[in-house]
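Everything below concerns the one structure shown next.
Number of protein chains: 2
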Amino acid sequence: MALRHAVLAALLDGELSGYQLAKAFDVGVANFWYAQPQQLYAELTRLEKEGLVAGREVVQESRPNKRLFHVTDAGLAELETFTAAASKPAFVRDDLLVKVQAADRVDTAALVAQLTERAQVAQAKIDLFGSLLSRLRGDRTEEDFLRHGDRIGPYLTCLRGVAFEQENRDWCVRTIAVLEERRQSHVRP
Amino acid sequence: MALRHAVLAALLDGELSGYQLAKAFDVGVANFWYAQPQQLYAELTRLEKEGLVAGREVVQESRPNKRLFHVTDAGLAELETFTAAASKPAFVRDDLLVKVQAADRVDTAALVAQLTERAQVAQAKIDLFGSLLSRLRGDRTEEDFLRHGDRIGPYLTCLRGVAFEQENRDWCVRTIAVLEERRQSHVRP
DNA sequence: AATGAGTACTCATGTTGATGACTAGGGTTG
DNA sequence: CAACCCTAGTCATCAACATGAGTACTCATT
Numbered sequence: 581m582a583l584r585h586a587v588l589a590a591l592l593d594g595e596l597s598g599y600q601l602a603k604a605f606d607v608g609v610a611n612f613w614y615a616q617p618q619q620l621y622a623e624l625t626r627l628e629k630e631g632l633v634a635g636r637e638v639v640q641e642s643r644p645n646k647r648l649f650h651v652t653d654a655g656l657a658e659l660e661t662f663t664a665a666a667s668k669p670a671f672v673r674d675d676l677l678v679k680v681q682a683a684d685r686v687d688t689a690a691l692v693a694q695l696t697e698r699a700q701v702a703q704a705k706i707d708l709f710g711s712l713l714s715r716l717r718g719d720r721t722e723e724d725f726l727r728h729g730d731r732i733g734p735y736l737t738c739l740r741g742v743a744f745e746q747e748n749r750d751w752c753v754r755t756i757a758v759l760e761e762r763r764q765s766h767v768r769p
Numbered sequence: 581m582a583l584r585h586a587v588l589a590a591l592l593d594g595e596l597s598g599y600q601l602a603k604a605f606d607v608g609v610a611n612f613w614y615a616q617p618q619q620l621y622a623e624l625t626r627l628e629k630e631g632l633v634a635g636r637e638v639v640q641e642s643r644p645n646k647r648l649f650h651v652t653d654a655g656l657a658e659l660e661t662f663t664a665a666a667s668k669p670a671f672v673r674d675d676l677l678v679k680v681q682a683a684d685r686v687d688t689a690a691l692v693a694q695l696t697e698r699a700q701v702a703q704a705k706i707d708l709f710g711s712l713l714s715r716l717r718g719d720r721t722e723e724d725f726l727r728h729g730d731r732i733g734p735y736l737t738c739l740r741g742v743a744f745e746q747e748n749r750d751w752c753v754r755t756i757a758v759l760e761e762r763r764q765s766h767v768r769p
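Here the protein sequences come in this chain order: X and W.
What the first sequence shows, in our numbering, is residues 581 to 769, in sequence order.
What the second sequence shows, in our numbering, is residues 581 to 769, in sequence order.
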């Protein structure tokens with residue numbers, strides 16, 4: 581039941597519509613969780629019913645009306661409780677890792693192609709997170725921002741996103757090199 | 581539907597019983613996936629029904645009999661198909677990140693405690709993976725092993741496990757430092 | 001002599017997350 | 001001017017993952 585808390589945490593940045601929220605979660609810019617639009621709409625409905633968020637209708641012309649949500653005091657209390665409770669350990673669960681685990685017994689050409697693509701995706705995310713970080717910190721240095729900024733949560737999670745994707749990319753590159761070298765030196769039966 | 585493939589990939593290391601498999605997946609030594617024992621037993625049953633794995637009964641005295649499973653040719657073909665198909669991108673999904681995202685608005689003392697614990701767990705995993713790596717490579721150097729070893733899949737995934745946990749630990753340490761410093765300098769309202 | 005831990009599983013149920021299909025108006029572009 | 005994309009959602013359904021409880025026998029500990 582962490583999606584609800586992820587939504588609450590995301591809404592701390594200010595009022596958002598379900599659609600805006602979905603954009604953030606979908607692209608994975610929300611580097612601390614991931615969810616489909618439909619899940620978010622459903623969760624917002626539940627959260628509103630329980631009084632943890634409140635929405636207000638914003639009438640728009642030339643496009644559909646939307647509902648902007650913000651976290652209520654009860655929602656903040658819920659986040660507080662959640663934070664105090666033990667976190668369940670985070671596990672890696674990655675299709676690509678499964679494939680690499682089986683690398684000795686399957687065709688490596690397809691695998692190398694996928695590793696290459698993954699490395700590119702990772703690089704794109706590094707760039708994206710990098711620009712997000714510099715936007716968050718403005719003209720301050722990282723040190724200064726982290727000491728005196730007033731909303732460092734997103735910055736810290738983004739830092740982890742960058743580190744994760746760098747590790748991801750480097751590992752892909754390394755693995756590609758290993759697999760390619762083996763393909764050349766000894767042709768598999 | 582990647583659990584089935586994770587099981588297949590794990591069974592490439594040799595015959596395993598459901599229980600042994602469960603041990604590997606449960607502790608997270610299986611650094612490429614994670615699952616509960618019950619899921620694995622269920623999956624093994626399905627896989628056997630579909631002919632992707634085959635089991636043989638091993639009669640034991642002084643402890644319950646067990647069934648050892650191995651991957652069939654059909655199972656290997658299935659792994660091949662899986663490897664050729666596109667991988668879905670891997671997302672970070674971590675309770676702790678959600679909490680850090682909300683760090684500006686909740687009690688940081690509890691958060692710091694959890695980050696500390698997470699850092700310790702990460703360090704323990706680094707050590708575990710480290711010894712696993714050296715066991716896998718035996719007396720060879722990493723370079724040599726990756727070039728000429730005959731089962732490098734587990735080694736490569738383990739390398740990623742180490743990198744992931746190191747990043748994890750470092751980020752926790754950094755985040756703790758940031759939060760602690762802010763707690764001292766300006767008391768939150 | 002009872003308690004607990006380890007091996008080796010099974011069954012049932014519940015919670016989460018993922019997917020596809022659909023509505024509906026406005027703007028853009030070929 | 002038709003086709004397509006963007007905003008802003010809803011509804012229904014399915015697959016995947018997680019959890020609790022239970023069986024049964026053995027060995028070591030207290």
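We treat Cβ as the ideally placed atom computed from N, Cα and C, and that holds for glycine.
When you compare the CB of residue i with every CB in chain W, is at least one pair closer than 9 Å?
{"i": "Tyr621 of chain X", "result": "no"}
{"i": "Lys603 of chain X", "result": "no"}
{"i": "Glu760 of chain X", "result": "no"}
{"i": "Gly598 of chain X", "result": "no"}
{"i": "Pro734 of chain X", "result": "yes"}
{"i": "Ser642 of chain X", "result": "no"}
{"i": "Asp724 of chain X", "result": "no"}
{"i": "Arg731 of chain X", "result": "yes"}
{"i": "Asp687 of chain X", "result": "yes"}
In its own chain, which residues sit with a C-beta less than 8 Å from the C-beta of residue i, not counting the 5 before and 5 after it?
{"i": "Leu739 of chain W", "result": "Leu713"}
{"i": "Thr652 of chain W", "result": "Gly631, Leu632, Val633 and Ala634"}
{"i": "Gln619 of chain W", "result": "Leu583"}
{"i": "Gln843 of chain W", "result": "Residue numbering for chain W in the displayed model covers 581 to 769; residue 843 of chain W lies beyond these limits and cannot be assessed."}
{"i": "Phe725 of chain X", "result": "Leu716, Arg717, Gly718, Ile732 and Tyr735"}
{"i": "Glu628 of chain X", "result": "Ala634, Gly635 and Phe649"}
{"i": "Gly573 of chain X", "result": "In the structure as shown, chain X starts at 581 and stops at 769, and residue 573 of chain X therefore has no counterpart that could be examined."}
{"i": "Asp593 of chain X", "result": "Arg731 and Pro734"}
If you drop the 5 nearest sequence neighbours on each side, which residues of the same chain put their C-beta closer than 6 Å to that of residue i?
{"i": "Asn748 of chain W", "result": "Ala702"}
{"i": "Pro769 of chain X", "result": "Note that Pro769 of chain X has pLDDT 49, beneath the 50 cutoff, so the model's placement of it is unreliable and no number is given."}
{"i": "Ile756 of chain W", "result": "Val692 and Leu695"}
{"i": "Ala654 of chain W", "result": "Gly631 and Leu632"}
{"i": "Phe709 of chain X", "result": "Cys738, Gly741 and Val742"}
With 16 as the cutoff for other CB atoms within 10 Å, does residue i come out buried or exposed?
{"i": "Phe705 of chain X", "result": "At residue 705 of chain X the sequence reads Lys, which differs from the Phe that was named. Counting Cβ neighbours within 10 Å, Lys705 of chain X comes out buried, since at least 16 surround it."}
{"i": "Asp684 of chain X", "result": "buried"}
{"i": "Ala698 of chain X", "result": "First, the residue type needs correcting, since residue 698 of chain X is Arg and not Ala in the sequence shown. By the neighbour-count rule (16 or more Cβ atoms within 10 Å), Arg698 of chain X is buried."}
{"i": "Gly741 of chain X", "result": "buried"}
{"i": "Gln640 of chain W", "result": "exposed"}
{"i": "Ser711 of chain X", "result": "exposed"}
{"i": "Gln700 of chain X", "result": "exposed"}
{"i": "Thr696 of chain X", "result": "exposed"}
{"i": "Thr663 of chain X", "result": "buried"}
{"i": "Arg658 of chain W", "result": "Strictly speaking, residue 658 of chain W in this sequence is Glu, with Arg absent from that position. Classification of Glu658 of chain W: buried, given that the 10 Å Cβ count is 16 or more."}
{"i": "Ala610 of chain W", "result": "buried"}
With 9 Å as the threshold, decide whether the Cβ of residue i is near any Cβ in chain X.
{"i": "Asp684 of chain W", "result": "yes"}
{"i": "Leu739 of chain W", "result": "yes"}
{"i": "Pro769 of chain W", "result": "Its pLDDT being 49, under 50, Pro769 of chain W is placed unreliably by the model, and the measurement read from it follows with that caveat. Not closer than 9 Å to any Cβ of chain X, the Cβ of Pro769 of chain W fails to qualify, so no."}
{"i": "Leu782 of chain W", "result": "The structure shown does not extend to residue 782 of chain W, since chain W spans only 581 to 769, so no value can be given for it."}
{"i": "Leu588 of chain W", "result": "yes"}
{"i": "Arg727 of chain W", "result": "yes"}
Given residue i, which residues of its chain have a CB within under 7 Å of its CB, disregarding the five upstream and five downstream residues?
{"i": "Leu688 of chain W", "result": "As written in the sequence, residue 688 of chain W is Thr, which differs from the Leu given in the question. Cβ neighbours of Thr688 of chain W beyond the five flanking positions: Leu759 and Arg763."}
{"i": "Leu591 of chain X", "result": "Val633, Phe649, His650 and Val651"}
{"i": "Glu637 of chain X", "result": "Asn645 and Arg647"}
{"i": "Glu595 of chain X", "result": "Leu648, Phe649 and His650"}
{"i": "Phe774 of chain X", "result": "Any question about residue 774 of chain X goes unanswered here, given that chain X covers just 581 to 769."}
{"i": "Ala602 of chain X", "result": "Pro617 and Leu620"}
{"i": "Ala690 of chain X", "result": "none"}
{"i": "Ser765 of chain W", "result": "none"}
{"i": "Ser642 of chain W", "result": "none"}
Contact the stretch 582-597 of chain W vs the stretch 713-729 of chain X: 3+ CB pairs below 8 Å: no
Chain W contacts made by the stretch 649-680 of chain X, where a contact means CB separation under 8 Å: Leu656, Leu659, Glu660, Phe662, Thr663, Ala664, Ala666, Ser667, Lys668, Pro669, Ala670, Phe671, Val672, Arg673, Asp674, Asp675, Leu676, Leu677, Val678, Lys679 and Val680
Selection of the stretch 692-714 of chain W by Cβ proximity to chain X, strictly under 8 Å: For the stretch 692-714 of chain W, which is checked against every Cβ of chain X, the residues closer than 8 Å are Gln694, Arg698 and Val701.
The stretch 673-681 of chain W touching the stretch 674-681 of chain X, judged by at least three CB pairs closer than 8 Å: As far as the Cβ criterion goes, the stretch 673-681 of chain W does not touch the stretch 674-681 of chain X, which means the pair count is below three.
Selection of the stretch 743-758 of chain W by Cβ proximity to chain X, strictly under 7 Å: Ala743, Phe744, Glu747, Trp751, Thr755 and Val758
Residues of the stretch 610-634 of chain X with Cβ closer than 8 Å to any Cβ of chain W, in chain order: Asn611, Phe612, Trp613 and Tyr614
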